[in-house]
Structures are given as C-alpha cells and as structure tokens.
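Novice: Residue numbers (this note's numbering), protein chains in the order written: chain A, 19 to 345; chain B, 19 to 345; chain C, 1320 to 1686; chain D, 1320 to 1686.
Note that the Cβ used here is the ideal one computed from N, Cα and C, for glycine as well.
Values in this document were obtained by computation on a predicted structure and should not be read as measured data.
Take this structure, written in structure tokens, and hold onto it; I'll ask about it next.
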Ligand SMILES: Cc1ncc(C[n+]2csc(CCOP(=O)(O)OP(=O)(O)O)c2C)c(N)n1
Ligand SMILES: Cc1ncc(C[n+]2csc(CCOP(=O)(O)OP(=O)(O)O)c2C)c(N)n1
Ligand SMILES: [Mg+2]
Ligand SMILES: [Mg+2]
C-alpha cells in the first residue's frame, strides 16, 4: 500500500512542489532566495539542483516585478509558482495581484487565465513584530478572482498545495509559518490532492461551532480541550479555503449547535470573521441561541513584545466559548 | 448671519481645500494633474494659481512615489494633501499606505505621525468598468492606523474634509464621483468642520434600519421612499466614517427597529457590510426580528455594460427591505 | 544622449538607399491604407462619443508612425502588450472591424462580454493580451512573457508599449530590470508624446531622455524620431533580432506628439498652446510617410481618395451593424471570475436573477 | 562607469595632502572609537541572540566605513532614513546606549514601547525617523523630506540608505525620480555589500553599476570604495553641499561587503565561499582606517586597547541594567494607533483587560 512518512509542514510543502515540478514541465518556481538557497524557510530546498536554474530561480528584490513577471509567464503558458518571502512584503505586488492577476480571466472573456500561484508565509507567533506577522487574508478574499487557501498541518499542506496547483485559478496560498516545523504528522508520500473549498470538521461537538484556519486551528484545539474540561462540547471546523469558502458546512454545524465563535489573528474590524458571522447569521438565523462571536487580533499593528497578548490564546478562546454557551 | 451658496460636491471640496490652504501654511497639495489643470475632476481648480506651484503641484505618474513623498513631507512637518486620480489606481501605493503611513505613529511610539490626507474619487455609476469604479474601502478600514471617511453630499464633503484636515491621523477620504456634480445643495460659505466618526440619521423610521454611505445613500433615499409607498417606515443612516465607525448609533437604531439592511457598492464577500452585520448582531442580538442583510455589488470585477445590474438599485434595496420586514 | 533622435526620412520624403528595403512597397501601401483607416476611426469614434453612442475614445492621431512602425516590425505571433493608444496595432494585424467595434460598444458579441471600457482590447488569436487601465502593469508581463519565450525557444518576442508618463511608475523599473537580468526576449517602447493627460514630459523626469535609463538596466536603448516610420522600423528590427536571438531586451523611446486630447474626457487647450500643436502638425507622420511614398512613386491622390471612401463606407456600415447587437446577457456578469462559479457568487446570482424575473418595474432585459 | 570606484586611502594608510583635511584628527579618533564599540556590539548582541536573550540581530561588520563616512558628513539635524544595517549612525550621533538597548529588548523604556523587532529604531531627538522592515519604503520619504527642506529653506538634507538588493524595488525608482524632478535636498546611499540575503548582486541587475542609474534620473551619481572612509566622506561632502544649496539630490553607490551573515537567522556558508570572505577581509575598513590613523600618528595600540576595554565594560553593565526593565504595560498595546483610541479598539481593550484581571490561569503580568 501507499507509503507514508513523518513530515513537518516545510517538508510536506517541499514534497508537494517537488512532485508537481516533476509532473508539469511548465511549472517554474521564482522568488527571492528560492534558488540555490532554497528559500529562507527552506520550502524550495533542493529544487533548483533537481530542476535547474531556469525552472527554479532567484529574482531581483521586487515583489511587484516577481508577480508581474509571473503573470507574463502565465500568459505564455508557463505555470509560475511564486514565493513571497513574508506575507507582510506582498503589498508592493498588490496592484499586480488585485488589478491584474485577479481580473485577467474575467476581463479577457476567458481568453487568457494566467495560472499563477503565490505561496507566502503569514501570521504571528515567531516574534516578528509589525512586519513578519501580518495576516492579510481579507485583502485577497475581498478581491473577486482570487482563491485563498490556508493549510493547518502537513497533510493539508501537501494535499491542498497540490490541489491548488492543479486548479486553473490564481491562488494565494497562505502558509502559517508559526507551525512550519511544529506541525508534524504521518502523511502519504505519494501524490495526492485535497479538494479546495471544503471545510474540514476536526472535532464533532454539540454545544458550539468553533471555526479557524492555519495556526489558530491548533490554538482552537487546545481551547476545545479546555472547554471540554469545563463540560462544553465543541465542534471544531478548519475552514481551509477562505475564498471561496464552504458556508454550507458551517451552516449545517450551526444549525445544530446554535452558536459560533470564529478565531483569527488579523485585526477584528473587517476581518474574515465578520464575513463568516454575517453569512451564518443570515443563513441560520432561526437556529441561533446566542450572538455569533469573534476572537481575533486587535485593531492595532502587530506588536513585538506584547505578541502573546495580541494573538488569541486558548484561554481567551475558551472564555468566549463559555460566555457564548452560557449566554 | 453666515452666508450660504449653492454648491455641488466638487465646488464644496474645492472650497474646503481653498480655505484650509489659506489657514495652514504647511498644507501642500500634490498629485497627478492637480496643478495648473486643477485635477481631472477639477477639485483643485484654481488652487495652484492662488497658492503657487510649490504648494500645489503635479507629480510624476507614480502613486507609490506620491504617497511615499507625502509621508516624507509629513515627517518634515508639512501637511500634505494627496490626490489619487481614481481609487482604482491607489494600489501601487498600497504598501506605502498600509505598511508605512498607517503604522508610523504606532511604531515610532508617537514620535512621528505624518499627517497625510489622501483624497480619491471612488465608486461606480460613470460607466467606468473595472478600473474607474472600484470601492476599496475595506482594504483601508481593515488596516489599523487609518481613518476612512466618505461624504455623501456637498455639506458633508466640505465639513468632513475640513474635519479630516484638522485631524492628526492619516485619512483616506473617498469621494463618490458619481454624485460629484449631481449632489448640489446650499451650504455655508464660511469655514466649518463636521465631526468624524459620527453617523448621521438622514431619515427617522420604525420598521427597519437602512445603512449606507457615499453615492449609495441617495439610492437608499429613493429606496426608502419606494418602501414608504409600500407602507414601510425606514430609518436611513449615513455612516460617513467607516474607520472608526459609529457602532453606537447603529445599535441604538436597530434596538428600536430590530432589523437592518446595509448597502454598498463593493463586492459582498468581506465587504464593509459584513463588519456592520457582525458587530450589530453581537450588540443587539436580543432585539433582532430578522436576519441582518446586505445589498451590495457582486463578487465579480466591476462590469462595464452591465453596470446597472451590478450596482444596488433602489428596487433591489426595496425588495430586500420588504423581505426583511416581512421575515 | 544629447544628439537628436535617430531619423531616416528626409524632409522631401527621400531616404538613403541603404534603408529603402526596410519596408517593401506593399508594406508602405498597407501602412498608408491602415493609417487612413486609423484617422477615419479616430474622427468617427470621437463623433460617436460626442453623440452619446460610444462611452469613451482616445485618439492616436500624431503617433501613427510609432505604432505602425512597431507593428510592422513584429511577427504576427509576437504578443503586443498595448498601453491603450495603439489602435494601429490591431489594424496592422487586420483584426476584423466588427470585433473591434463590438469591444468598443461592449455588446454581446464582444469577445470580452462588455466587461471593460472601450479600448481595453483582448484578442488572443492575434496575440493581443488584455489591456487594462492601470498604467504600466503590462510592462512586467512583457518581461515574463519574454522570459518564457527564451526558455522555451519559441522565437517569440514580447513587445510592450507605454507612455512617457507611465515610465515613472515602479512597474517600469521592475519590468526593465527583470528583463535585463533574465535576458528576456522583450522590447519596451515608450511613446514619448509630450504629455500625460495635462502633465508635460518635463515633470516626469529630470533626465535628458528616457532612453538613457537603458544603461541602468544593462540593456540596449535608443531614442528615435517617432514620427518617422522607417526610423522606427529600423531600430525595431534590430531590437527584435537581438531579442529573438536571446541577446536580451531593448528600450526604445519614440519621440512623438499626442495631436489630440488625452481622451474624450479631456480638453488640451487648457494646458498647451496652439503654436506647439501647429509645430508638431508640420511633422505629421502620415504626411511624412505620404511624401516618402510619392518619392517611391506610390500612393497617388487617387489611391488615397479611394482608400478614404472605401473605409468610410465600411466603417459606417460595420458600426451600424455592430450597434444592433444587444448587450451581453445578464448571466454573463456572473461567469468566468474563477473557472467555476463560487458558491458565494452563485447565491448572489440566483437571488438576483430570481428577483429580476419577478420584478415588474425594471426595464432591464431579463434573460 | 567602468573605472574602479573612487578611492583615497592608500594601501599603506596614506592619503594625499589635498584630502587630509576631510576629517580632523579628532574625528578620525572619534570614528575609530565608535567603530570599536560597533564591533563589540556586533559580537555581543550576536552572542546574546544565541543565548536567547535577544530576538534578532543584524551585523554591519565590514560596512563601517560607509556607515560612519555618511554619518560624519551630515549635520546633526539632517534626518537619516536608515535601512537597518547602520547602527554606526546611532553611535556617531551618540544616542545613549540604554536607548538603543531598550529598543533591542523591547522593554518598557523603549521609546517605541517594544512594538517593533530589534533594529527598528526611531529617535526623533536625533533625527532618526522610524525604521521599518519592508525594504526601500524609506527612499521616497527621503525625497519628500528633502523637498520640504528645500521648500522651507531649512538647510536640512535628508539621507537615505538602502542595500543593492533594495535598489531593485519600485520605491527606489520613484524616490530617485521624484527627488530629481523636485530637486529635493536628498542623498541616497546604496550600500552595495554584494548580497541580499543569499542572492548575489549579479541577480539584481544586468548593469555595470547601480550608480549609472543616476543619469536616468538626471541627478549626480558616484561609485565609491565603501571601505575607504575618506573616499566616502569626500563624495558625501560634495553631495551634501549640493543638496543644501538646492542643487538637487545625489546617488552614491558604496562598494563594500557584508562580512557577517544577513541576520541571526542566516548562515552564509550555504551560498558563498571562504575565499571570497577572506579577500574582503583584507580590505577591512577598520584596519584600513587604523593604518591611516597610524600614518597620521594617531590611535596607537594603547588607545585601541583602552577603548575596547572601556566599551566592553560599559556595554556589559548597560545591557544588564536594560535587561532588568519590565516589558511595556499591556495597556500600551492599545494606545497610539490613531491619536485617540477608536471605539472599536476601546471595546476590544476593555473586554480583554477585564478578562485578564479576572483570569487566574494566565501568568502574564496584569496591569
Ligand atoms: C496607475 C494609474 N494611475 C493613473 C491613471 C490615470 N491615467 C490614465 S492615462 C494617464 C496618463 C498617461 O500618460 P502617458 O503614460 O504619457 O501615456 P499617454 O496617455 O500620453 O499615451 C493617467 C494619469 C491610470 N490609468 N493608472
Ligand atoms: C519588501 C521586502 N521584501 C523582502 C524583504 C525580506 N528581506 C529583508 S532584508 C532582504 C535583503 C536585502 O538586501 P539588501 O538590500 O542588499 O540589503 P543588505 O541586507 O545587504 O544590507 C530581504 C529580501 C523585506 N524586508 N522587504
Ligand atoms: Mg504621454
Ligand atoms: Mg546587500
């Protein structure tokens, strides 16, 4: 039967890239330090050696150029896979992403649809302060024409990345760097894909629906366990794909539990939690037993020393779970 | 007593800029075509002649440069007022806005706080297609450290712009270009400011709370009138400031009406309506009689020929009002 | 770079024997014919816009030698990344007029389904990628396409146009720098037409020319008389050969003048003088090419008149026909954002279309 | 630009009489003393980071002549827009060590309240605007500050540093172009230290130098030996005089080498050779300046030893003291985003602090 191995997320991503590069001759990897060095987090480690420096290469230090060039390569039929070194540094490429990449298929009536995938490590928890911690998912999820995918462990990382690479749409693939090494697991070594757009029920429960993605999923697992100690039965859902997102699964869960807490690292105001709350309250209004709540980063830039206060902790989440259940 | 005059929004904005430039020697206006030409919408008309080409000047065609330069001018103690020709073209400056301007006060511990105001025409209704119609408010409202202000008529335009110019924070001042000329009114010719952050009840009503800003306010006025014809009593609120926003006024209204519809032009998913719905349902949960609803642009790029379908119409809004009231 | 831009055509329309072969007699006539059509379109579409029958137009009057010179120097499958003022490239490639008009009108036959403003063309069959409004974004695309072409050895060369104003954007810098570093098979042509809307060239840069920037990117750079068709073709041919051979990109600055307004939303009399316009009018690229044709013994008054009459008629008839097509179906609004419709958009579509079918007040055509 | 970068210091430490006056004996000794401190800090902070007592460090070892040369050529109130690898500028301006360490530690005495990673300095009193991580963003700030300075006639000159990698960003282009167009009183210094993390200079540009780009912006440009303090001071003095006189900005490319790793998260042995490092080590800027000092009859072994011992002691003591300060109060997290706290943030703060006071499980210090 299929072999498995114990891999962390970096290894799982590296394995996915490797297998995809092997299958798709049009695939090309570009970004800052992704070549010989294998990326500052080593996700592209060894790939230049294997696939040559025309298919895996370092670029000048300019994110707008990287994404813009990738779009052009995509128009020519290549399948560019871009690494943006940190999600905090994606903003110089913002115009290329939202005004060009996101709109290319639509505005050309489907004549062109450059298949650009952008991988980038995001989120806090590594003492990165303002500029090595941001969670920019909303900027992209609000922009029609992009997919936004976030894996929460090595199995998902490999399967979702390969799923995203097979898909014809532009994808912003956000990698929760805090758990790059910490999240380890036994995963198939063969090629496999996971479907995009499908939320994953991580834990069944009856009292409340808890929704998260990326590194926060692990904090939520802790919170669910803490809550269990207090006698609460939490259903935990890993959203996985933020754009499009799997509303149906959330609604099905909330129809049963009547309650929902969404957790994310990005600031609360206009965060992705707002969308989930708005959509779920509209779809499951008659089943609601308590206000839907958000536990999130604060409306401040991401701090350095006080990071542990900023990031939702298992305790903070548990308190909100209890509060909502006891409403 | 104070003199008044009948001005459209362009004239009101021009008047505000003129009076502010007169009072504040540090104020400087820069942007593409804002000098001799007075801006493509003529908002800065006559100002270069009056204040000289060192205080009102054309820049090279580069939004990142304009905003970046303005930040530097702000650090030196000037009070730069930037025009971005269309909001659709603000994205090359996105990094300078979200990573620099928005975070400068916080990250410097208050040592520096460059007072940059960015004015930009936004929104649809002028047959502008993908790139002369976008409503990017969420990108900025989600970014801590920025104010986002949107006037809906000449009185508000002048008062809010002067209020924003007096304020020490960076402001994204979004001007609904569709009603630049159409919205006319008698306004004071003297200097006056309106407070930021305060929503304005445009019309009192008992059955439902309708929230909008900018050009959509006028469509909502039509909708409220149509709804009145069908026997519904609509309370209409002009949000005016999106970041920060006046949750208290909304909640006070919804506590009375038990219902809310939010209208905006931007795509629905992760639009500003999601934030309002999420916050209001949490704050007024026990008063809600029906799900809070959003009437918005669709999750597509802004279209050209089919614009009238894309933009929320009075009919579409009225249907949603009726549906929500009859829930 | 203080010498005057490179020229070939003499005042009298003559050219040195060495350069005569740059374009054949047929190509000269084809260009003149297309230029006639270009001017007819500029005039007529402007009129249509004034009558409220067209949303928007931007003329290329005065810049035709640059535009046709570029088009004539490329292979048909070389992608042209247009800025927006290069209608001539479509005409040179003989894209059928109805396809152009359908885009301008944004009707149901528009290949792009009426989704963008007039002028935002896209014709994949003719290697014209999609035009967008944000200026300069197309430049790195050409760097990337040119890299792919070299990597694959397709022989294709990616050409991108931009205005002198656009050369101030960050995308100009990254595009040319990347193209240089990666030896992309790309050519970048700046139409230096003196203005970016109202802003004169002098506000865009303190440098003596834009072509000098090429050295800073380690690539070839030329300044050329953009109203001299043969001069443009001459540098273009060289640049194309170099790019196709994998020897790297070229920057070409073509010195020309925007004879008309920036767009139908603009009035240049507010910011420039009639004298300036008149001076450039004397360098009209069509007239200069006509003089050259006469010098070659081609294109007499009769040929010109015939071309004009023929095109006028075809344009009028074709426009009338294209104006009869209905707008795109409402459903198309919701298609093709991603490869498949997202559940979010699907819900929005279904709700909207259901209401639309029910609604009696709307005069919007229901699908 | 094919000639070697401008140099002044001979191999033996000598310099032509004409240039001897660039720095006084006192300034030479001040520089050497500060360089000693700089190296001590580089060594000790690296160690601290390895011990887990400091979050992050980036050395400037090898680039000191460029950094001190720039600092020594400015007036105290000229703002320096740092990239991040220019600790020397803080030392030259004699910013008190505790203020530097408090930032690095991010404690309650940090002027920036522990909000940013180590190295992201801001000292308004010393005209050091806030450092941020996104590379290149500071360049247009310097163009704008320099414009304001010229407009107001303050005599200030805005200086910005960046690396050769950073010169690839769009912000580099817009900054230099704007500065040129507006004759900003600004100076842009590229520390060309050969690498951007692992990426060698050859990937950043196909051009022969970065200094040649100056011509493309219509501004003055120089390439200088960045390990030669006097050479740096020489071009800087000229550039500053020009800028202060309103005669426009200058681009300076200082050729140097990043002797250490990119940061404490990096290991350069993965991407470069020991031979290369050794070759540059022979051009060590401190050693070269020391030879010059000896040639002038200054700074003997004793002075050096005294400086080393003195600084070691002060650094150790000051660090120990600064490490004792507590972290910033939790409330500070919510302050100063805007001038006043927004109602949204206020609600978030109140809820969080209330919970924190109630919570028993947390070991986080409650205000
Ligand atoms: C990023 C961006 N900023 C601003 C605009 C508005 N705009 C459209 S055309 C134009 C001037 C362009 O001038 P130039 O590049 O010289 O081209 P030309 O119109 O002269 O052909 C401007 C400012 C835009 N389309 N995109
Ligand atoms: C916009 C942006 N992209 C990427 C990074 C990550 N990064 C930090 S330093 C660096 C290399 C900078 O190299 P260079 O400009 O040569 O400066 P040096 O480190 O050599 O002093 C990179 C890629 C960043 N900080 N900002
Ligand atoms: Mg132009
Ligand atoms: Mg470097």
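In this structure, what does DSSP give as the bridge partners for residue 139 of chain B?
Specialist: B:193, per the DSSP bridge assignment.
Novice: So does residue 1571 of chain C have its beta carbon nearer than 7 angstroms to some heavy atom of ligand 2?
Specialist: No; taking the cut-off as 7 angstroms, the Cβ of residue 1571 of chain C has no heavy atom of ligand 2 nearer than that.
Novice: At a threshold of 7 angstroms, does residue 163 of chain B count as lining ligand 2 (C-beta to nearest heavy atom)?
Specialist: No; taking the cut-off as 7 angstroms, the Cβ of residue 163 of chain B has no heavy atom of ligand 2 nearer than that.
Novice: Evaluate residue 67 of chain A with the Cβ neighbour count: other Cβ atoms within 10 Å of its Cβ, from every protein chain shown; 16 or more gives buried, anything less gives exposed.
Specialist: Classification for residue 67 of chain A: exposed.
Novice: Have a look at the DSSP bridge pairing and note the partners of residue 226 of chain B.
Specialist: Bridge partners of residue 226 of chain B: B:252.
Novice: Check whether the region 1479-1491 of chain C and the region 1440-1460 of chain C touch, using three or more Cβ-Cβ pairs below 8 angstroms as the test.
Specialist: Contact between the region 1479-1491 of chain C and the region 1440-1460 of chain C is present, because at least three Cβ pairs lie under 8 angstroms.
Novice: Just to be sure I understand the criterion: a residue counts if its Cβ is closer than 7 angstroms to at least one heavy atom of ligand 4. Which residues meet that?
Specialist: Counting every residue whose Cβ lies closer than 7 angstroms to a heavy atom of ligand 4, we get D:1482, D:1483, D:1484, D:1510, D:1511, D:1512, D:1513, D:1514, D:1515 and D:1577.
Novice: Check whether the Cβ of residue 1581 of chain C sits closer than 7 angstroms to any heavy atom of ligand 1, and report yes or no.
Specialist: Residue 1581 of chain C: yes, Cβ under 7 angstroms from ligand 1.
Novice: What is the rounded straight-line gap between the Cα of residue 76 of chain A and the Cα of residue 1392 of chain C?
Specialist: Using only the alpha carbons, I get a separation of about 33 angstroms.
Novice: Could you name the residues of the same chain whose beta carbon sits closer than 7 angstroms to that of residue 272 of chain B, not counting the 5 residues immediately before and after it, in chain order?
Specialist: Result list for residue 272 of chain B: 227, 278, 298, 302 and 305, in chain order.
Novice: Quick one, which residues of the region 61-72 of chain A are near chain C if we go by CB-CB under 7 angstroms, in chain order?
Specialist: So the list reads 72, given in the order they occur along the chain.
Novice: For residue 1492 of chain D, would you say it is in contact with chain C, using Cβ-to-Cβ distances shorter than 8 angstroms as the test?
Specialist: So yes, residue 1492 of chain D belongs to the interface.
Novice: If I follow the unbroken alpha helix (DSSP H) through residue 267 of chain B, where does it start and stop?
Specialist: Looking at the DSSP string, the run of the alpha helix (DSSP H) that includes residue 267 of chain B is 265-275.
Novice: Using the Cα positions of residue 1581 of chain D and residue 1378 of chain D, report the straight-line distance between them to the nearest angstrom.
Specialist: Cα to Cα, the separation comes out at about 8 angstroms.
Novice: Distance, Cα to Cα, residue 286 of chain A vs residue 170 of chain A?
Specialist: When rounded, the distance between both Cα atoms is 21 angstroms.
Novice: Less than 8 angstroms between CB atoms is the rule here; does residue 1509 of chain D satisfy it with respect to chain C?
Specialist: Not an interface residue.
Novice: Below 8 angstroms on the Cβ atoms is my contact criterion, and I expect residue 1535 of chain C with residue 1531 of chain D to pass it. Report the Cβ-Cβ distance as a whole number of Å.
Specialist: The Cβ separation is near 5 angstroms, so the contact holds.
Novice: Look at the alpha carbon of residue 1344 of chain D and the alpha carbon of residue 1587 of chain D, and state the distance between them as a whole number of angstroms.
Specialist: Cα to Cα, residue 1344 of chain D sits roughly 37 angstroms from residue 1587 of chain D.
Novice: Check whether the Cβ of residue 1464 of chain C lies closer than 8 angstroms to any Cβ atom in chain A.
Specialist: At least one chain A Cβ lies under 8 angstroms of residue 1464 of chain C.
Novice: Between residue 1404 of chain D and ligand 2, is there a pair consisting of the residue's CB and a ligand heavy atom that are separated by less than 7 angstroms?
Specialist: Yes, the beta carbon of residue 1404 of chain D sits closer than 7 angstroms to at least one heavy atom of ligand 2.
Novice: For residue 1686 of chain C, name the three-state secondary structure that DSSP assigns.
Specialist: Because the pLDDT of residue 1686 of chain C is 43, which lies under 50, any placement of that residue in the model is unreliable, and the question is left without a value.
Novice: Helix, strand or coil: how does DSSP classify residue 1408 of chain C here?
Specialist: Looking at residue 1408 of chain C - three-state DSSP - the assignment turns out to be helix.
Novice: Enumerate, from N- to C-terminal direction, the unbroken beta strand (DSSP E) stretches of 3 or more residues contained entirely within the region 270-315 of chain A.
Specialist: List check, beta strand (DSSP E) in window: 278-285 and 311-315.
Novice: Taking Cβ to Cβ, would you say residue 65 of chain B is nearer than 8 angstroms to residue 89 of chain B?
Specialist: No, these two residues do not count as a Cβ contact at 8 angstroms.
Novice: Alpha carbon to alpha carbon, how far is residue 1547 of chain C from residue 1633 of chain C? Give it in angstroms, no decimals.
Specialist: Computed Cα separation, rounded: 29 angstroms.
Novice: Can you say whether residue 345 of chain A is buried or exposed, counting buried as having 16 or more other CB atoms within 10 angstroms of its CB?
Specialist: Exposed, because fewer than 16 other Cβ atoms sit within 10 Å of the Cβ of residue 345 of chain A.
Novice: Could you name each continuous alpha helix (DSSP H) segment of 4 residues or more that falls completely within the region 1408-1487 of chain C, going from the start of the chain to the end?
Specialist: 1416-1424 and 1457-1471, all fully within the region 1408-1487 of chain C.
Novice: Could you tell me the alpha carbon to alpha carbon distance between residue 130 of chain A and residue 1644 of chain C, rounded to whole angstroms?
Specialist: Roughly 24 angstroms separates the two Cα atoms.
Novice: Does the Cβ of residue 111 of chain B have 16 or more other Cβ atoms within 10 Å, making it buried, or fewer, making it exposed?
Specialist: Buried: at least 16 other Cβ atoms inside 10 Å.
Novice: Mind checking the region 36-57 of chain A against chain B and listing, in chain order, the residues whose C-beta falls within less than 8 angstroms of any C-beta there?
Specialist: Answer set for the region 36-57 of chain A: empty.
Novice: Can you tell me whether DSSP reads residue 1540 of chain C as helix, strand or coil?
Specialist: In the structure shown, residue 1540 of chain C sits in a strand (DSSP, three-state: E or B).
Novice: Are residue 116 of chain B and residue 109 of chain A touching if we call contact CB-CB under 8 angstroms?
Specialist: Cβ distance < 8 angstroms, so residue 116 of chain B and residue 109 of chain A count as in contact.
Novice: Indicate whether at least one CB of chain A lies closer than 8 angstroms to the CB of residue 1436 of chain D.
Specialist: Taking Cβ atoms only, chain A reaches closer than 8 angstroms to residue 1436 of chain D, which makes this a yes.
Novice: Express the C-alpha separation of residue 243 of chain A and residue 251 of chain A in angstroms, rounding to a whole number.
Specialist: So the alpha carbons of these two residues sit roughly 9 angstroms apart.
Novice: With 16 as the cutoff for other CB atoms within 10 Å, does residue 113 of chain A come out buried or exposed?
Specialist: It is buried - the Cβ of residue 113 of chain A has at least 16 other Cβ atoms within 10 Å.
Novice: Thinking C-beta only, is residue 1578 of chain C closer than 8 angstroms to residue 1596 of chain C?
Specialist: Yes, Cβ-Cβ distance for residue 1596 of chain C and residue 1578 of chain C is below 8 angstroms.
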